[in-house]
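Everything on this sheet refers to the single structure shown next.
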Amino acid sequence: MAKKGHFLLGFVFGAASALATTYLLTPQTSDELKRRVKHASEDLADRAVDYFDYAKEASADWKQSATDFVDELKRKGDDADGSKALANYDAATEQLRDQLNTATDVDSSADFDDIVLDGKSAFAQAKDDDEGSDTRTDEVPEPVEP
Numbered sequence: 036m037a038k039k040g041h042f043l044l045g046f047v048f049g050a051a052s053a054l055a056t057t058y059l060l061t062p063q064t065s066d067e068l069k070r071r072v073k074h075a076s077e078d079l080a081d082r083a084v085d086y087f088d089y090a091k092e093a094s095a096d097w098k099q100s101a102t103d104f105v106d107e108l109k110r111k112g113d114d115a116d117g118s119k120a121l122a123n124y125d126a127a128t129e130q131l132r133d134q135l136n137t138a139t140d141v142d143s144s145a146d147f148d149d150i151v152l153d154g155k156s157a158f159a160q161a162k163d164d165d166e167g168s169d170t171r172t173d174e175v176p177e178p179v180e181p
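Position in the sequence shown (from 1) plus 35 gives the number in this note's numbering.
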């Protein structure tokens with residue numbers, strides 16, 4: 036949104052400078068030029084005020100919508116008995132944190148096989164295991180005639 040605002044502001048200033056340059060470079064009498072520049076500046080000031088009022092009203096509407104949305108969320112956060120759901124959530128979270136902090140660590144690594152992190156050695160070991168078996172997976176079996 037900010038990039039669009041910067042573009043619009045640059046466009047307005049560019050248009051104003053182009054208009055002023057055009058008026059200043061065209062052959063006109065000085066009285067007529069002053070009158071046109073004054074009229075253009077008043078028109079530009081009126082438009083700027085109109086856009087400012089429009090932006091002010093739009094931002095007030097957005098602020099009211101956001102306030103209503105937050106109030107609705109707060110209302111939905113209240114339990115039926117009037118207690119705050121957020122307070123209940125915080126209390127439950129604190130209780131769970133206390134339980135986890137007091138839990139003891141149990142070494143259950145004896146129940147599991149070692150995890151191999153080196154892929155090359157794991158494949159080499161699998162290949163060595165495969166060479167000792169009766170069937171080879173890397174050879175194509177010979178067709179059996181009926």
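Here a beta-carbon is modelled for each residue, glycine too, at the ideal position from N, C-alpha and C. Small disclaimer: the values here were computed from a predicted structure and weren't measured.
(Q) Excluding the 5 residues flanking Leu54 on each side, which residues of the same chain have their C-beta closer than 8 Å to its C-beta? (A) For Leu54, where only same-chain residues beyond five positions count, the Cβ hits under 8 Å are Ala75.
**Q.** Pick from Arg71, Ala138, Leu108 and Asp66 that is closest to Thr57, judged by C-alpha positions
**A.** When the alpha-carbon of Thr57 is set against those of Arg71, Ala138, Leu108 and Asp66, the nearest one is in Arg71.
Q | Three-state class that DSSP yields for Val47 in the structure shown | A | Reduced to three states, the DSSP call for Val47 is helix.
Q | Short Cβ contact (8 Å threshold) for Leu79 with Ala51 | A | Their beta carbons are under 8 Å apart, which means Leu79 touches Ala51 by this criterion.
(Q) Whole angstroms are fine: how far does the CA of Asp103 sit from the CA of Ala127? (A) In this structure, the alpha-carbon of Ala127 lies about 29 Å from that of Asp103.
Q | Secondary structure of Thr139, DSSP reduced to three states | A | Coil.
Q: Please report how far the alpha carbon of Thr64 lies from the alpha carbon of Trp97, in whole angstroms.
A: Rounded to whole angstroms, Thr64 to Trp97 spans 49 Å at the Cα level.
**Q.** Whole-angstrom distance between Ala101 and Tyr86, CA atom to CA atom
**A.** Tyr86 and Ala101: Cα-Cα distance of roughly 22 Å.
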